[in-house]
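Undergrad: For the record, in the sequence shown the residue sitting at position 321 is 321 according to UniProt numbering, with numbers rising by one throughout.
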Amino acid sequence: MEIIRSQKKNETTSTNLSLYRSAPVLEVRLDDFELYAIDRLRVLKGISDGLSRGKKPDEMEKLVNELWRSNMRHLDASQITNKDIISHFVLRLVYCRTEELRKWFLSMETTLFRYRFRIESPESQRVLMAEFQLPYKALSHVEYEGVKDKLVQVSRSIGQTSTVDTLFFKVPFQEVPELVANRRVFLLKGNAYVAMNQVASIVVSHFRSNLSKALVLTNRKWTSTIREQEKGRLTPIVEALSSSYLGPDYSQSREIADISLKDIDQLANSSFPLCMRHLFNRLREDHHLKHGGRMQLGLFLKGVGLRLEDALAFWRAEFSQKVGSERFEKEYAYTVRHNYGKEGKRTDYTPYSCQKIISFTPSVGDHHGCPYRHFSEDNLRAALSTMGIGGRAMDDVMDKVRNHHYQLACTLTFEAIHSSSCDTGINHPNQYFSQSRKLLSPKDQLST
């Protein structure tokens, strides 16, 4: 790429930002393959949450920098770049598999690239532009003099300065729609005059285009060869990563004391998220839940501290009213003990995360799953009203639901009920309960 009216590029100029043009030829331990991908996934999901919450560009820039610093570190500083590149290509494999996954990954990686590009030095940015082999030429001195006044005028209108040393590129206007829409460039004869400090729009557009094509090609390779070849090694990891829960392990209660049966109704009313509150209420009303509901509610109760003896007493008291004590012991008690690791393989089963609950597709008569996803609008409004949600808070929650941001809708519900922000977002029903108790316990003690 030819650059005129600028100093000659320093051959030693380098950048830590990769364009991910080709997969690295590196040996990667299987553990690192997964751990690197999980760390990058934390970054991308943090970006997704920030965008969903409507954070402003300066807030997003700060968020992206914090996410990158906290998650993409490495004990060996020389391996940070390798971790960056490896994690990108692992997640490219993970998210190439469906159109929905590709769309999400493309959007989040593009956003990540945009903010990382912006903090690069002008010299590094020019290196990256050269790597893309973009066909645009910087304005010559003669060309610049011909439109100088217009360029200065546009720069002033957007609160920037333009001097004879400012580098401008002449670009077909359709390639920078964001800058054109926000009136941040001078247009003449179908071209937009883009200042060096605005080239992120050009580079990001090409990055997105290249990544989009690469994801389609990766999908073809995955379906034709990789999935079958790696079915005993990488395929299980790849298929699990897109739905991975990245938060704390709630297989056992770790932050709060065990709950007792005498307090369970009060706790359900004050600190259960909507999904668990709905299951609890249906159980109290119908004295029965189908398997999906029993698993979802039972593992949640285990995670909040209900001991096995109390869990058996709780389920027995409800089910016996519908099926009788003898049938409960024969058909249902085993499952309760199994969830606590006392039967079968004796596995210590983990409560379901929001992501898993959202993925459920309940049938008629089922009550498990995520109400924000599966309830009709009228039913959801009625359920939220019983929790004390109304007015602007109700409108905000419903807006997130319509845009399929179900976890953010739950987060907004939590914030409205508790009059407290939840910057981390709600990612797990047991996290909702734990944070609720932290906020409400001091108040409960004062009221007694």
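Heads up, the beta-carbon is just placed ideally off N, CA and C, and yes, glycines get one too.
Would you identify the three-state DSSP class for V176, choosing helix, strand or coil?
TA: coil
Undergrad: Does the Cβ-Cβ distance between R118 and A181 come in under 8 angstroms?
TA: No; because the gap between Cβ atoms is not below 8 angstroms, this pair is not in contact.
Undergrad: Taking Cβ to Cβ, would you say L106 is nearer than 8 angstroms to S22?
TA: no
Undergrad: For the beta strand (DSSP E) that F186 lies in, which residues bound it at each end?
TA: 186 to 188
Undergrad: Please return the same chain residues whose Cβ sits closer than 7 angstroms to the Cβ of L440, not counting the five positions on each side in sequence.
TA: S270, S271
Undergrad: Find the nearest neighbour of C275 within the set D378, Y250, V25, Q296, judged by alpha-carbon distance.
TA: Q296
Undergrad: Under a Cβ-count criterion, where at least 16 other Cβ atoms within 10 Å of its own Cβ denotes burial, should S87 be classed as buried or exposed?
TA: buried
Undergrad: Give every residue of the same chain whose Cβ lies closer than 8 angstroms to the Cβ of T110, excluding the five residues on either side of it in the sequence, and list them in chain order.
TA: V204, F207, R208, L211
Undergrad: Based on DSSP bridge pairs, tell me the residues matched to F169.
TA: A138, V194
Undergrad: In whole angstroms, what separates the C-alpha of F33 from that of P24?
TA: 13 angstroms
Undergrad: Once you ignore the five residues that flank L179 on each side, which residues in its own chain have a CB closer than 8 angstroms to its CB?
TA: V185, A192, V194, Q198, S201.
Undergrad: So, helix, strand or coil for A313, using DSSP?
TA: helix
Undergrad: To which residues of the same chain is C282 closer than 8 angstroms at the C-beta, ignoring the five residues directly before and after it?
TA: According to the sequence provided, residue 282 is Arg. The question's Cys does not apply to it. Within the same chain, R282 has close Cβ partners L289, G293, H367.
Undergrad: Report yes if the CB atom of R346 is closer than 8 angstroms to the CB atom of L308, and no otherwise.
TA: R346 places its beta carbon 8 angstroms or farther from that of L308.
Undergrad: Apart from the five residues on each side of it in sequence, which residues of its chain come closer than 6 angstroms, Cβ to Cβ, to N71?
TA: D39, R42, V43
Undergrad: For the alpha helix (DSSP H) that contains Y115, what are its first and last residues?
TA: 99 to 118
Undergrad: Mind checking which residues open and close the alpha helix (DSSP H) that includes L17?
TA: No alpha helix (DSSP H) contains L17, which DSSP labels as neither H nor E.
Undergrad: I'd like to know if the region 397 to 407 and the region 358 to 378 are in contact, where contact means that at least 3 CB-CB pairs between them fall below 8 angstroms.
TA: yes
Undergrad: Comparing alpha-carbon positions, which option in D265, G303, I426 lies nearest I358?
TA: I426
Undergrad: From this set, V397, T411, M129, Q355, which residue's C-alpha is nearest S243's C-alpha?
TA: Shortest Cα-Cα distance from S243 to any of V397, T411, M129, Q355 involves Q355.
Undergrad: What does a CB cutoff of less than 6 angstroms around L63 pick up in its chain, not counting 5 residues either side in sequence?
TA: G50
Undergrad: Quick check: the Cα distance between V142 and F169, rounded to an integer number of angstroms?
TA: 14 angstroms
Undergrad: Could you compute how far the alpha carbon of L421 sits from the alpha carbon of P135?
TA: Looking at the sequence itself, residue 421 is Ser, so the reference to Leu does not match. Approximately 48 angstroms, taken between the alpha carbons.
Undergrad: Would you call D84 buried or exposed, if buried means 16 or more other Cβ atoms sit within 10 Å of its Cβ?
TA: buried
Undergrad: Since H74 is in the alpha helix (DSSP H), which residue starts that stretch and which ends it?
TA: H74 -> no alpha helix (DSSP H), and no H or E assigned at all.
Undergrad: Kindly indicate which three-state DSSP category Y352 falls into: helix, strand or coil?
TA: coil
Undergrad: Starting from H418, trace the alpha helix (DSSP H) in both directions and tell me its first and last residue.
TA: Per DSSP, H418 belongs to the alpha helix (DSSP H) from 406 to 418.
Undergrad: Can you say whether H291 is buried or exposed, counting buried as having 16 or more other CB atoms within 10 angstroms of its CB?
TA: exposed
Undergrad: Measuring only the C-alpha atoms, how far is G344 from Y250?
TA: 21 angstroms
Undergrad: To the nearest angstrom, how far is it from the Cα of G341 to the Cα of H428?
TA: 21 angstroms
Undergrad: Under a Cβ-count criterion, where at least 16 other Cβ atoms within 10 Å of its own Cβ denotes burial, should I158 be classed as buried or exposed?
TA: exposed
Undergrad: Which stretch, first to last residue, makes up the alpha helix (DSSP H) that contains M398?
TA: 391 to 402
Undergrad: DSSP three-state call for Y372: helix, strand or coil?
TA: helix
Undergrad: Under 6 angstroms Cβ to Cβ from R373, same chain only, skipping five residues before and after it: list those, please.
TA: I358, Y406
Undergrad: The alpha helix (DSSP H) spanning I158 covers which residue range?
TA: Boundaries for I158: no alpha helix (DSSP H) harbours it, and the DSSP string shows neither H nor E there.
Undergrad: Any idea if T386 is buried or exposed, counting beta-carbon neighbours within 10 angstroms, 16 or more meaning buried?
TA: exposed
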